[in-house]
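Sequence lines, in order, name chains A and H.
At position 128 of the first sequence (counting the first as 1) the number is 197 in my numbering, and the numbers step up by one without a gap.
At position 190 of the second sequence (counting the first as 1) the number is 192 in my numbering, and the numbers step up by one without a gap.
Where a beta carbon is used, it is the ideal one built from N, C-alpha and C, also for glycine.
For reference, the structure is listed below as structure tokens.
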Amino acid sequence: MLPIIFIIPIVQLLILSYAVTFEIKSIKLSITDNDNTVASRRLTGHFRSSPFYNIVGESSDQRDGAEMLHKGSAHQMIVLLPGFEKALVKGQPAHVQVVTDAINGSAAALMNAYTLQIIYDYNREILAEVSPLAGLPVKLTWSYWFNPQLDYKTYMVPGILVLLVTIIGMFLSGMNVVREKELGTIEQINVTPIRKHQFIAGKLIPFWIIALFELAIGLLVARLVFSIPILGNIFLIFLVASVYLLVVMGIGLFISTLTNTQQQSMFISWFVLVIFILMSGLFTPAESMPQWAQNLNMINPIAYFISIIRMIMLKGSGIQDIMIPLLILAGYGSAVLSLSVWRYRKTI
Amino acid sequence: MTDISVYGEGLVKNYGKTEALRGISFSVNKGEIFGFIGPDGAGKTTLFRILTTLLLPDAGDASVEGFHVVKDFRHLRTILGYMPGRFSLYQDLTVEENLKFFAGIFKADISKNYHLIKEIYDQIAPFAKRRAGKLSGGMKQKLALSCALIHKPEVLILDEPTTGVDAVSRREFWEMLIRLKSQGITILVSTPYMDEAILCDRVALMQHGSIMASGTPDEIMSSYPHRLFKISTDRTLELLSLIRKMNGIHSAEMFGSDIHLSVADAETGIEEVGEYLRNYGFTAEKPEEAKPGIEDCFIDFMKLNQTG
Numbered sequence: 070m071l072p073i074i075f076i077i078p079i080v081q082l083l084i085l086s087y088a089v090t091f092e093i094k095s096i097k098l099s100i101t102d103n104d105n106t107v108a109s110r111r112l113t114g115h116f117r118s119s120p121f122y123n124i125v126g127e128s129s130d131q132r133d134g135a136e137m138l139h140k141g142s143a144h145q146m147i148v149l150l151p152g153f154e155k156a157l158v159k160g161q162p163a164h165v166q167v168v169t170d171a172i173n174g175s176a177a178a179l180m181n182a183y184t185l186q187i188i189y190d191y192n193r194e195i196l197a198e199v200s201p202l203a204g205l206p207v208k209l210t211w212s213y214w215f216n217p218q219l220d221y222k223t224y225m226v227p228g229i230l231v232l233l234v235t236i237i238g239m240f241l242s243g244m245n246v247v248r249e250k251e252l253g254t255i256e257q258i259n260v261t262p263i264r265k266h267q268f269i270a271g272k273l274i275p276f277w278i279i280a281l282f283e284l285a286i287g288l289l290v291a292r293l294v295f296s297i298p299i300l301g302n303i304f305l306i307f308l309v310a311s312v313y314l315l316v317v318m319g320i321g322l323f324i325s326t327l328t329n330t331q332q333q334s335m336f337i338s339w340f341v342l343v344i345f346i347l348m349s350g351l352f353t354p355a356e357s358m359p360q361w362a363q364n365l366n367m368i369n370p371i372a373y374f375i376s377i378i379r380m381i382m383l384k385g386s387g388i389q390d391i392m393i394p395l396l397i398l399a400g401y402g403s404a405v406l407s408l409s410v411w412r413y414r415k416t417i
Numbered sequence: 003m004t005d006i007s008v009y010g011e012g013l014v015k016n017y018g019k020t021e022a023l024r025g026i027s028f029s030v031n032k033g034e035i036f037g038f039i040g041p042d043g044a045g046k047t048t049l050f051r052i053l054t055t056l057l058l059p060d061a062g063d064a065s066v067e068g069f070h071v072v073k074d075f076r077h078l079r080t081i082l083g084y085m086p087g088r089f090s091l092y093q094d095l096t097v098e099e100n101l102k103f104f105a106g107i108f109k110a111d112i113s114k115n116y117h118l119i120k121e122i123y124d125q126i127a128p129f130a131k132r133r134a135g136k137l138s139g140g141m142k143q144k145l146a147l148s149c150a151l152i153h154k155p156e157v158l159i160l161d162e163p164t165t166g167v168d169a170v171s172r173r174e175f176w177e178m179l180i181r182l183k184s185q186g187i188t189i190l191v192s193t194p195y196m197d198e199a200i201l202c203d204r205v206a207l208m209q210h211g212s213i214m215a216s217g218t219p220d221e222i223m224s225s226y227p228h229r230l231f232k233i234s235t236d237r238t239l240e241l242l243s244l245i246r247k248m249n250g251i252h253s254a255e256m257f258g259s260d261i262h263l264s265v266a267d268a269e270t271g272i273e274e275v276g277e278y279l280r281n282y283g284f285t286a287e288k289p290e291e292a293k294p295g296i297e298d299c300f301i302d303f304m305k306l307n308q309t310g
């Protein structure tokens, strides 16, 4: 069991960090250029030279592009109608149609943003040629703080570390109590003078240590393999993790005191975990959720820990910056642990 | 009253609509082996779980060594030795580790109480480094008994300790119990095997959550109200259905290849039964007078319960 506990999470970290990314590196694009002029070819040339696009089809009939979208062999199509250049020269609006496969909504939004950016750049070029002195009324420059390259891994790996620690904390501790119920060993233990809190502590401490070890290994992989910056104090991460673990283990133990079989316990743990993970802000920003969901996140320990660990690792936050969520976690932890000690029954 | 070790009165336990115990009363004297004899589902395990503080009774009172099973549960757990029906030690700990673990929980000194388990533990000591899950059935049971004894309990409660154990190990096990009794430990044991009842000082016959009879095995056997005959035959089933049709027969039951039959009145004796059999062509079979065993009594009580 021990090798499994250590190997699986590392493999998971490696796979997820490389595979799960929001960047879309090759958008399959179908082009229908019915104008076929210098101006239109200049626009399509922008797409051709972009590393993000992969031109999968070119046709004078836009039905071919639509067909490819239906088949799934293209993600996006752009259509330029005859008269595109003429309109530009006359100073009239020229139309470009962009159609995107939105089966995956977040991918579609991203592809659309890339494409609009290219058309926007093209617009500016045209404008500069037509009236060189005009320029744009508002000029934008921007920079991304704490993750200048918007590197996806920098953002994702700390979150995945949190998940690993969570899964170990919640599942191993919880399953262990239910397993004793299934095997019947709990019947023997319950007739001994062992106290409830001693029993719960015995279930807690080993997995608490294992999970912290796991976090250490995870951080090492993050640093060595992914070169994720760890700006803040690494001991602070462990302090937060050890408090956080008490919360998830408490939840796991509480579930296990309510259930009688590993199957029941597994089902409820998964149910809780999936909701917590999806709402945690790991994959989608918590800020974009409706207000009631954000309120619900007040009881989501994963959301607290992900935001804290990102703050410490990427921003270098110190203890005073994370004091409030840390105190909330500590209060949360003692509440669920007391609850599970209270709920654990030495009678059947 | 001081010589009573375990005492129960009017114990009731229901699981939903199933009545597991329907008001059981009994008392066990100090230093005796008391057997609860009955088939599966008689309520033996439920009763033991109440006595070991694992279950709360719906009604009734019980105490062990003067300690109430509900109010004084914490103290009770220090003086009880319990061996559940299912092997309940940690399978992934070794024999030695299990023993040390349970000694540790009870804060017991292994070397001080070793004399209690010496004869039992010596037999499994060669496998001290083996995981408990890898032991054979008989050895698991010896380990479980060792672990239940290591804190020198005043009362030992064994739930079907010999179920699923081979005949030789069963006999050995009972020899161990009798030795433990001589150390002054009160022993409550449940078993579905009628032949083990003889080995107890006193027994209670249980069926459907009630005690049908209790007393020493001799008392119970001598209270058998009918004359009993035994017939040996190799055509058991045929003979059985034939005898059940005869007038004046109270009951006829199969015991291995023998048939035990009890007669309902004084007029029906060995001669009458023998003649009846000969009339139907069973010339080799001779009924003979037999002494009732616990099983005869059990079946008789069972029938009484069903009709009454």
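Evaluate residue i with the Cβ neighbour count: other Cβ atoms within 10 Å of its Cβ, from every protein chain shown; 16 or more gives buried, anything less gives exposed.
i	result
A:I303	exposed
A:W339	exposed
H:R172	buried
H:N307	exposed
H:L289	In the sequence on display, residue 289 of chain H carries Pro and not Leu. Buried, because 16 or more other Cβ atoms sit within 10 Å of the Cβ of H:P289.
A:S349	buried
H:H2	Outside the shown range of chain H, which is 3 to 310, sits residue 2 of chain H, and nothing can be said about it.
A:G134	buried
H:L366	Nothing can be reported for residue 366 of chain H: it is not among the residues displayed for chain H, which extend from 3 to 310.
A:Y87	exposed
A:V80	exposed
H:K114	exposed
H:P41	exposed
H:V170	exposed
A:Y189	exposed
For residue i, which three-state DSSP category applies?
i	result
A:S109	helix
A:Q166	strand
A:G387	coil
A:E249	helix
H:F284	coil
A:S119	coil
H:Y195	coil
H:M3	Only weak support is given to the placement of H:M3: the predicted model assigns it a pLDDT of 47, under 50, and the question is left unresolved by the model.
A:M382	helix
A:L149	strand
A:M392	helix
H:S234	strand
H:K278	According to the sequence as given, residue 278 of chain H is Tyr; it is not Lys. Helix.
Along the chain, where does the beta strand (DSSP E) containing residue i start, and where does it finish?
i	result
A:K97	I96 to D102
A:N366	Careful: A:N366 lies outside any beta strand (DSSP E) and carries neither H nor E.
H:Y9	I6 to Y17
H:L91	Here H:L91 belongs to no beta strand (DSSP E), and DSSP marks it neither H nor E.
H:A254	I251 to F257
A:I93	Careful: A:I93 lies outside any beta strand (DSSP E) and carries neither H nor E.
H:F38	I35 to I39
H:M1	Nothing can be reported for residue 1 of chain H: it is not among the residues displayed for chain H, which extend from 3 to 310.
H:N31	T20 to N31
H:E263	Contrary to the premise, residue 263 of chain H reads as Leu rather than Glu in this sequence. It spans D260 to V265 - the beta strand (DSSP E) in which H:L263 sits, taken as one unbroken run.
H:L151	From DSSP, H:L151 is part of no beta strand (DSSP E) but of the alpha helix (DSSP H) over G139 to L151.
Given that residue i touches chain B, what residues does it touch there, using C-beta distances under 7 Å?
i	result
A:N259	Given the protein chain composition of this structure (A and H), no chain B is represented.
Whole-angstrom Cβ separation of residue i and residue j, contact assumed at under 8 Å?
i	j	result
A:I378	A:V231	6 Å
A:F276	A:I237	7 Å
A:V316	A:L395	Not confirmed; about 11 Å, so no contact.
What span of residues does the alpha helix (DSSP H) with residue i cover, start to end?
i	result
A:H139	Q131 to K140
A:T235	Y221 to I236
A:I155	Sequence check: residue 155 of chain A is Lys here, not Ile. Taken as a continuous stretch (DSSP letters only), the alpha helix (DSSP H) holding A:K155 covers F153 to K159.
A:Y313	I303 to L327
A:G287	K265 to L293
A:M348	Q331 to M348
A:Y189	G174 to V199
A:A88	L71 to A88
H:I180	A169 to S184
Taking any Cβ of chain H, which residues in the segment 257-282 of chain A have a Cβ under 8 Å from it, in chain order?
Q257, I258, N259, V260, T261, P262 and I263
Taking a cut of 7 Å between CB atoms, which residues from the segment 106-120 of chain H lie near chain A?
Listed in sequence order: I107 and F108.
(Q) Output needed in chain order: residues of the segment 337-371 of chain A with a Cβ under 8 Å from some Cβ in chain H. (A) The segment 337-371 of chain A vs chain H, Cβ under 8 Å: nothing.
Going along the segment 225-253 of chain A in order, which residues come within less than 8 Å of chain H, judged by CB to CB distance? L252 and G253
What residues in the segment 197-222 of chain H have a beta carbon less than 7 Å from any beta carbon of chain A? none
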